[in-house]
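When we follow the working numbering, the leftmost residue of the sequence shown carries the number 83, and every step to the right adds one. Backbone N, C-alpha and C define an ideal beta-carbon position, used for all residues, glycine too. Input: a single structure, listed below in structure tokens.
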Amino acid sequence: MFKIIDKKQLAQDTIKIVVGAPQIAKKAKAGQFVVVLIDEQSERIPLTLADWDIDNGTISLIFQKVGFTTEKLATLKIGDEIQHILGPLGHPTAVSKLGTVVCIGGGVGIAEVYPVSRAFKQAGNRIIAIIGSRSKDLLILEKEMKGICDELFVTTDDGSYGRKGLVTDVLKELLDVIEKSTHTKYPDLVYCIGPLAMMRAVSGLTKNYNIKTIVSLNPIMVDATGMCGACRCSVGGKTVFGCVDGPDFDGHEVDFEELGKRLRL
Ligand SMILES: Cc1cc2nc3c(=O)[nH]c(=O)nc-3n(C[C@H](O)[C@H](O)[C@H](O)COP(=O)(O)OP(=O)(O)OC[C@H]3O[C@@H](n4cnc5c(N)ncnc54)[C@H](O)[C@@H]3O)c2cc1C
Ligand code: FES
83 MFKIIDKKQL AQDTIKIVVG APQIAKKAKA GQFVVVLIDE QSERIPLTLA
133 DWDIDNGTIS LIFQKVGFTT EKLATLKIGD EIQHILGPLG HPTAVSKLGT
183 VVCIGGGVGI AEVYPVSRAF KQAGNRIIAI IGSRSKDLLI LEKEMKGICD
233 ELFVTTDDGS YGRKGLVTDV LKELLDVIEK STHTKYPDLV YCIGPLAMMR
283 AVSGLTKNYN IKTIVSLNPI MVDATGMCGA CRCSVGGKTV FGCVDGPDFD
333 GHEVDFEELG KRLRL
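Below, the structure written as structure tokens:
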């Protein structure tokens with residue numbers, strides 16, 4: 083059993099829980115996720131490891147209430163217990179010193195891009211982050227991102243906070259400025275987590291500039307151990323399983339059209 087140590091509402095419909103899970107905390111790496119089973123009657127849902135604390139033996143999960151299981155998880159209180167948490171799962175993000183890394187997070191994806199941005203910063207990179215949400219009341223972790231990034235841009239679709247528009251508008255502007263400049267070079271990597279349409283748009287944009295782009299895919303996952311095939315995606319013309327081969331993949335190689343169809347199914 084995994085006890086909920088702390089619980090906080092971060093934004094409308096977005097909740098953070100801190101859970102006692104010392105074995106997972108000990109092994110966690112940026113980019114990995116866990117599978118949560120609230121109780122015997124629940125469905126298994128994958129959630130990214132938003133943070134972890136080895137000393138306290140805790141992990142942090144940030145989730146948006148979008149359906150039955152996330153609604154049910156949101157009803158748990160401090161002191162309640164989750165029956166099973168399996169993880170850490172998936173390959174950690176490949177982090178190394180590259181130079182400048184642009185980290186992009188959309189919606190609840192900001193919770194997922196936070197530990198990855200931190201890991202790239204700790205590896206000695208310059209971090210430019212672009213985070214976006216539909217409106218101000220849905221924006222999360224701005225302060226935390228500010229604390230680890232060299233530059234931070236915030237966008238909202240409706241203009242209620244930061245710049246009005248999409249994260250891709252800011253990215254395009256940055257890349258256009260670099261294109262005209264004689265002394266600034268293109269980022270060495272773009273890392274992006276968010277809604278499928280956002281990851282597709284970012285990958286389409288960076289392909290024009292030939293900038294390596296990694297996306298963290300979110301296919302439907304059931305067992306998350308490579309056995310059921312629910313999470314299969316096409317990357318570079320090959321079939322891969324999001325859970326055991328990912329969740330990070332080369333955004334220029336992902337068949338977003340197929341993934342979108344599978345998610346809608
Ligand atoms: C590797 C990975 C990491 C994720 N990390 C986070 C996270 O940190 N925070 C967060 O809020 N969400 C995360 N998600 C999405 C999260 O798993 C779904 O929101 C959740 O499963 C929805 O379940 P539900 O019963 O509440 O909603 P449902 O009504 O069942 O579904 C709502 C939507 O959620 C998605 N979904 C449903 N079941 C699954 C499933 N088993 N696997 C994947 N997607 C599903 C579908 O797009 C569906 O349309 C992640 C997904 C993946 C694959
Ligand atoms: S979730 Fe079953 S193979 Fe990936």
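Would you kindly report the start and end of the unbroken beta strand (DSSP E) that includes residue 170?
Taking the first residue of the sequence shown as 1, we reach residue 170 at position 88. First-last of the beta strand (DSSP E) with residue 170: 166–171.
How about residue 208 and residue 230: are their beta carbons less than 9 Å apart?
For the purposes of this step, residue 208 is taken as residue 126 along the sequence shown, with counting starting at 1. For the purposes of this step, residue 230 is taken as residue 148 along the sequence shown, with counting starting at 1. Not closer than 9 Å, so no.
Which residue from 215, 265, 232 and 211 puts its Cα closest to that of residue 241?
Start at 1 with the first residue of the sequence shown, and residue 241 comes out as number 159. Closest option to residue 241, Cα to Cα, is 215.
Does the region 289–299 come close enough to the region 325–339 that 3 or more CB-CB pairs lie under 8 Å?
yes
Extent of the continuous alpha helix (DSSP H) to which residue 31 belongs:
Only positions 83 to 347 of the chain appear in the structure, and residue 31 is not among them; the question remains open.
Can you check whether the CB of residue 86 is closer than 9 Å to the CB of residue 164?
Stepping through the sequence shown from its first residue, residue 164 is reached at position 82. Stepping through the sequence shown from its first residue, residue 86 is reached at position 4. Yes, the Cβ-Cβ distance between residue 164 and residue 86 is below 9 Å.
Can you give me the C-alpha to C-alpha distance between residue 338 and residue 159, rounded to a whole angstrom?
Residue mapping note: residue 338 aligns to position 256 of the sequence shown, counting from 1. Residue mapping note: residue 159 aligns to position 77 of the sequence shown, counting from 1. Whole-angstrom Cα-Cα distance: 37 Å.
One question on the structure: do residue 185 and residue 325 come within less than 9 Å of each other, judged by their Cβ atoms?
As a first step, residue 185 is located in the sequence shown; it is residue number 103 there, counting from the start. As a first step, residue 325 is located in the sequence shown; it is residue number 243 there, counting from the start. It is not a contact, given that the beta carbons lie outside the stated cut-off.
Nearest-angstrom Cα distance between residue 287 and residue 327?
Sequence index remark: in the sequence shown, residue 287 carries index 205 (1-based). Sequence index remark: in the sequence shown, residue 327 carries index 245 (1-based). For residue 287 and residue 327, the distance between alpha carbons rounds to 25 Å.
When you compare the CB positions of residue 194 and residue 132, do they come within less than 9 Å of one another, or not?
Taking the first residue of the sequence shown as position 1, residue 194 is located at position 112. Taking the first residue of the sequence shown as position 1, residue 132 is located at position 50. Yes; because the gap between Cβ atoms is below 9 Å, this pair is in contact.
Are the CB atoms of residue 278 and residue 341 within a distance shorter than 9 Å?
Position 259 of the sequence shown, counting from 1, holds the residue named residue 341. Position 196 of the sequence shown, counting from 1, holds the residue named residue 278. Contact: yes.
To the nearest angstrom, how far is the alpha carbon of residue 249 from that of residue 236?
As a first step, residue 249 must be located in the sequence shown, where it is residue number 167. As a first step, residue 236 must be located in the sequence shown, where it is residue number 154. Straight-line Cα distance between these residues: approximately 8 Å.
Does DSSP put residue 325 in a helix, in a strand, or in coil?
To locate residue 325, count along the sequence shown from 1; it is residue 243. Helix at residue 325.
So who's on the other strand from residue 238, going by DSSP bridges?
The count along the sequence shown starts at 1 and reaches residue 238 at position 156. Bridge partners of residue 238: 215 and 246.
Are there any heavy atoms of ligand 2 lying less than 8 Å away from the beta-carbon of residue 303, as far as the coordinates show?
For the purposes of this step, residue 303 is identified with residue 221 of the sequence shown, where counting begins at 1. The answer is yes for residue 303.
Cβ-based burial, residue 302 [other Cβ within 10 Å; buried from 16]:
In the sequence shown, counting from the first residue as 1, residue 302 sits at position 220. With fewer than 16 Cβ atoms within 10 Å of its Cβ, residue 302 is classed as exposed.
Check whether the Cβ of residue 144 sits closer than 8 Å to any heavy atom of ligand 1, and report yes or no.
Position 62 of the sequence shown holds residue 144. Yes, the Cβ of residue 144 comes within 8 Å of a heavy atom of ligand 1.
Give me the DSSP bridge partner(s) of residue 89.
Here the question's residue 89 lines up with position 7 in the sequence shown. Residue 89 is bridged to 99.
DSSP puts residue 128 in a beta bridge; with which residues?
Against the sequence shown, residue 128 aligns to sequence position 46. Answer is 117, bridged to residue 128.
Closest to residue 204 by C-alpha separation, out of 98, 111, 90 and 316, would be which residue?
Stepping through the sequence shown from its first residue, residue 204 is reached at position 122. Of the candidates 98, 111, 90 and 316, the one whose C-alpha sits nearest the C-alpha of residue 204 is 111.
Exposure of residue 91, with buried meaning 16 or more beta-carbon neighbours within 10 Å:
If you number the sequence shown from 1, residue 91 lands on position 9. Its Cβ having fewer than 16 others within 10 Å, residue 91 is exposed.
Report yes if the C-beta distance between residue 172 and residue 247 is below 9 Å; otherwise report no.
Taking the sequence shown and counting its residues from 1, one reaches residue 172 at position 90. Taking the sequence shown and counting its residues from 1, one reaches residue 247 at position 165. Their beta carbons are not under 9 Å apart, which means residue 172 does not touch residue 247 by this criterion.
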